[in-house]
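Participant: Here the sequence shown stands for residues 7 to 392, where the numbers follow our numbering.
One structure follows; several queries about it will come next.
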Amino acid sequence: MDRPGRLIEIIIPGFIAILVSIIAHDPGFLGQYTDYMTIYFRDPGRVLNGLPYVDYEFEYTPPIALIWLLASRAALLASQIGIDPFLAISRTVFSINVLFYILYIYAIYRISRISSSPYPPLALAILSPSIAYYLYYNWDIIASSLMVSGIYMLTRRRIHISAVLIGLGASIKIFPGVALIATSLAMKCVEIRKRISFLLLGVMIAGSPYVLLWLLYSPGVEYIIRYHSNWYCENCFYVLFTDDIFDSALRTVSSIAMIAIPLIYVVSYLSRHGDLNRGAQAILGASLSPVALSISLSYVYSPQMNIMISPLYIVLRGRAIALLLAQDILNTLIMILWFHENTIASAIGIESRGPWHRESPIQWIAFLRILLLWIVSLFILRDSRP
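Put into structure tokens, the structure is as follows:
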């Protein structure tokens, strides 16, 4: 049985994260930028009365479209009684995020107990700077919550439930799919038939929403693919080395690297650490480290994606925790400073084309956090023991 004091220790950082995110982003408080603004203000009338994909462009995944549709209908009803529709839509989406954040806290807490993780890494996994700032921003907490819950199920040897949960996470954002593949490779103690069924079940769950959308409205899937396959280098690892953030060759290299290098990392990790029969710490390292690497190598590394890296705190020890915390703080600064980039560049005498480009101090920060993440990954590999 969990001590009341121990439960309070996880409730307090969770409450602080929720409060900070509300103050930063809620339209009734500071109202700083969220991705909800971009979608809503393209065409408020269509958002409130129409369907995602069908009546207006929607670049997010089908499960997110369902959440957005629910929020937009709630906002439409709220507008009829005089409540600002954007306020209603933002708070509805955030309320759903909070529910998944509670699930995330529970799963992280249970994993920390199994792996005997000290309290400071647990507290940081719950109250990381990126969670506190980006919880009220996008939907990454949903993907992270489902992924971590799936990993927790794996520590309990509930293989198929784990595959379903991680697959659901991958249907929200692609990166939990890396955890799915990495984990299936790492389960050497499990017979090959079960490992294959784990992977196939997860892939099927991840892909089902897209198949359903294709059957209902195929242009929606086509738009998602077209939108993301042509996106620019968003705070990505090669931004300092190119003047063309839309370079298709570099985008292709990134797409290959974000899959290949994490898988090579898993093989190297397992050669030192053994398989997942070694316990919760091995499961965490094999599952979470490749996700962080994949995000760092993607041509799109939006700051809110760090929420999917936050569980990594409970894997770390010593200096690696401080390095990830520094990375996390830099990641949070990206959006805090984003809309002040012109002032910052002028103050240090730089002519910048905007925060997207390599001469911008924002991109220096973005690259430094990637470099720190690579160093943390090497720490995890170094600290593995045969």
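Heads up, the beta-carbon is just placed ideally off N, CA and C, and yes, glycines get one too.
Could you give the DSSP three-state label for Tyr140: helix, strand or coil?
Facilitator: In the sequence shown, the residue the question calls residue 140 occupies position 134. DSSP places Tyr140 in helix when its eight states are reduced to three.
Participant: Applying the criterion that 16 or more other CB atoms from any shown protein chain within 10 Å of the CB defines a buried residue, is Arg388 buried or exposed?
Facilitator: Position 382 of the sequence shown, counted from the start, is the residue given in the question as residue 388. Answer is exposed; the Cβ neighbour count stays below 16.
Participant: Measure the C-alpha to C-alpha separation of Ala192 and Ile381 and round it to an integer number of angstroms.
Facilitator: Walking along the sequence shown from the start, residue 192 turns up at place 186. Walking along the sequence shown from the start, residue 381 turns up at place 375. About 22 Å.
Participant: Return the Cβ separation of Leu82 and Asn103 in integer angstroms, given the expectation that the two are a contact with Cβ distance under 8 Å.
Facilitator: Taking the first residue of the sequence shown as 1, we reach residue 82 at position 76. Taking the first residue of the sequence shown as 1, we reach residue 103 at position 97. No, Leu82 and Asn103 are not in contact; Cβ-Cβ is about 20 Å, not under 8 Å.
Participant: Which whole-angstrom value is the C-beta distance of Met6 and Pro309, which I expect to be below 8 Å?
Facilitator: Here the chain comprises residues numbered 7 to 392, so residue 6 is not present and cannot be evaluated.
Participant: State the DSSP-derived secondary structure class of Tyr46, mapped to helix, strand or coil.
Facilitator: Here the question's residue 46 lines up with position 40 in the sequence shown. Of the three classes helix, strand and coil, the one that applies to Tyr46 here is helix, per DSSP.
Participant: Would the region 177-192 and the region 206-216 be scored as touching if the rule is three or more Cβ pairs under 8 Å?
Facilitator: A contact exists between the region 177-192 and the region 206-216.
Participant: Nearest by alpha-carbon distance to Phe106: which of Ile24, Ser352 and Ile117 is it?
Facilitator: For this step, residue 106 is matched to residue 100 along the sequence shown. For the residues Ile24, Ser352 and Ile117, the minimum Cα distance to Phe106 belongs to Ile24.
Participant: Return the first residue and the last residue of the alpha helix (DSSP H) that Asp146 is part of.
Facilitator: Your numbering for residue 146 matches position 140 in the sequence shown. It spans Asp146 to Thr161 - the alpha helix (DSSP H) in which Asp146 sits, taken as one unbroken run.
Participant: Taking the straight line between their C-alpha atoms, what separation do you get for Leu374 and Tyr142?
Facilitator: What you label residue 374 is simply residue 368 of the sequence shown in a count that begins at 1. What you label residue 142 is simply residue 136 of the sequence shown in a count that begins at 1. Rounded to whole angstroms, Leu374 to Tyr142 spans 24 Å at the Cα level.
Participant: Ordered along the chain, which non-local residues of its own chain (more than five positions away) have a Cβ less than 7 Å from that of Pro58?
Facilitator: Locating residue 58 in the sequence shown gives position 52, where the first residue counts as 1. Once the five neighbours on either side are set aside, the close Cβ partners of Pro58 are Phe64, Ala71, Trp74 and Leu75.
Participant: May I ask you to list the residues that DSSP assigns as paired with Pro58?
Facilitator: By one-based count along the sequence shown, residue 58 stands at place 52. Answer is Tyr62, bridged to Pro58.
Participant: My output table needs one value for Glu228: the three-state DSSP class, helix, strand or coil.
Facilitator: For the purposes of this step, residue 228 is taken as residue 222 along the sequence shown, with counting starting at 1. Of the three classes helix, strand and coil, the one that applies to Glu228 here is helix, per DSSP.
Participant: Would you tell me roughly how many angstroms separate the C-alpha atoms of Pro392 and Tyr125, rounded to the nearest one?
Facilitator: Mapped onto the sequence shown, residue 392 falls at position 386. Mapped onto the sequence shown, residue 125 falls at position 119. For Pro392, the predicted structure reports a pLDDT of 47, less than 50, and the residue's modelled location is therefore unreliable. A value from the coordinates is still provided. Between Pro392 and Tyr125, the C-alpha separation is close to 26 Å.
Participant: So the candidates are Ile120, Ile167, Arg119 and Pro182; which of them puts its Cα closest to the Cα of Ile147?
Facilitator: What you label residue 147 is simply residue 141 of the sequence shown in a count that begins at 1. The residue with the shortest Cα to Cα distance from Ile147 is Pro182.
Participant: Could you pull the DSSP bridge partners for Glu197 from this structure?
Facilitator: Residue numbering aside, residue 197 sits at position 191 when the sequence shown is read from its first letter. Beta-bridge pairing links Glu197 to no other residue.
Participant: Quick one: what's got a C-beta closer than 7 Å to Ile29's C-beta in the same chain, skipping five residues either side?
Facilitator: One-based indexing of the sequence shown puts residue 29 at position 23. Only Phe35 and Leu36 meet the Cβ criterion.
Participant: Which of helix, strand or coil does DSSP assign to Glu15?
Facilitator: Position 9 of the sequence shown holds residue 15. Helix.
Participant: Report the residue from Ser293, Tyr62, Tyr223 and Phe243 whose alpha carbon sits nearest the alpha carbon of Thr161.
Facilitator: Looking up residue 161 in the sequence shown gives position 155. Answer by Cα proximity: Ser293.
Participant: What first and last residue would you give for the alpha helix (DSSP H) that runs through Asp334?
Facilitator: Walking along the sequence shown from the start, residue 334 turns up at place 328. Arg325 to Trp344 is the span of the alpha helix (DSSP H), which, as asked, contains Asp334.
Participant: So which of Ala84, Pro135 and Tyr66 has the shortest CA-CA distance to Val26?
Facilitator: Looking up residue 26 in the sequence shown gives position 20. Per the Cα distances, Pro135.
Participant: Taking all protein chains shown into account, decide if Trp370 is buried (16 or more other Cβ within 10 angstroms of its Cβ) or exposed.
Facilitator: Position 364 of the sequence shown, counted from the first residue, corresponds to residue 370. Trp370 is exposed by the Cβ-count criterion.
Participant: Contact between the region 335-350 and the region 161-172 is defined here as three or more beta-carbon pairs at a separation below 8 Å; is this criterion met?
Facilitator: These segments do not touch.
Participant: Ser151 and Tyr110 look like a contact to me (Cβ under 8 Å); what is the Cβ gap, rounded to whole Å?
Facilitator: Translated into positions along the sequence shown, residue 151 becomes position 145. Translated into positions along the sequence shown, residue 110 becomes position 104. So it is a contact: roughly 4 Å between Cβ atoms.
Participant: With DSSP as the reference, label Glu240 as helix, strand or coil.
Facilitator: Here the question's residue 240 lines up with position 234 in the sequence shown. It is a strand residue.
Participant: Please classify Ser274 as buried or exposed, where buried requires at least 16 neighbouring CB atoms within 10 angstroms.
Facilitator: In the sequence shown, residue 274 corresponds to position 268, counting from 1. Exposed, since its Cβ has fewer than 16 Cβ neighbours within 10 Å.
Participant: Within a Cβ cutoff of 6 Å, which residues of the same chain sit near Asn241, ignoring the five residues on either side of it in sequence?
Facilitator: Within the sequence shown, numbered from 1, the residue matching residue 241 stands at position 235. Cβ within range, chain order: Tyr307 and Ala372.
Participant: Look at the alpha carbon of Ser300 and the alpha carbon of Ser352, and state the distance between them as a whole number of angstroms.
Facilitator: Position 294 of the sequence shown, counted from the start, is the residue given in the question as residue 300. Position 346 of the sequence shown, counted from the start, is the residue given in the question as residue 352. Each residue's Cα considered, the two are about 34 Å apart.
Participant: Give me the Cα-Cα distance between Ile265 and Ala84, rounded to the nearest whole angstrom.
Facilitator: In the sequence shown, counting from the first residue as 1, residue 265 sits at position 259. In the sequence shown, counting from the first residue as 1, residue 84 sits at position 78. So the alpha carbons of these two residues sit roughly 44 Å apart.
Participant: Thinking Ile320 and Ser121 are a contact (beta carbons under 8 Å), I'd like their distance in whole angstroms, please.
Facilitator: Numbered from 1 along the sequence shown, position 314 holds the residue referred to as residue 320. Numbered from 1 along the sequence shown, position 115 holds the residue referred to as residue 121. About 7 Å separates the two Cβ atoms, so the contact holds.
Participant: Out of Ser78, Ile22, Ile18 and Ile17, which one is the CA nearest neighbour of Phe47?
Facilitator: Walking along the sequence shown from the start, residue 47 turns up at place 41. It is Ser78.
Participant: Of the residues Tyr223, Ser155, Thr349 and Ser203, which one's Cα is nearest the Cα of Ala113?
Facilitator: By one-based count along the sequence shown, residue 113 stands at place 107. Nearest C-alpha to Ala113: Ser155.
Participant: On the CB-based measure, 16 or more other CB atoms within 10 Å of its CB, does Leu347 come out buried or exposed?
Facilitator: The residue labelled residue 347 in the question sits at position 341 within the sequence shown. The amino acid occupying residue 347 in the given sequence is Glu; Leu does not appear at that position. Buried, since its Cβ has 16 or more Cβ neighbours within 10 Å.
Participant: Can you list, in chain order, the residues of its chain with a C-beta nearer than 7 Å to that of Ser190? Leave out the 5 residues immediately preceding and following it.
Facilitator: By one-based count along the sequence shown, residue 190 stands at place 184. Same-chain partners within the cutoff: Arg201, Phe204 and Leu205.
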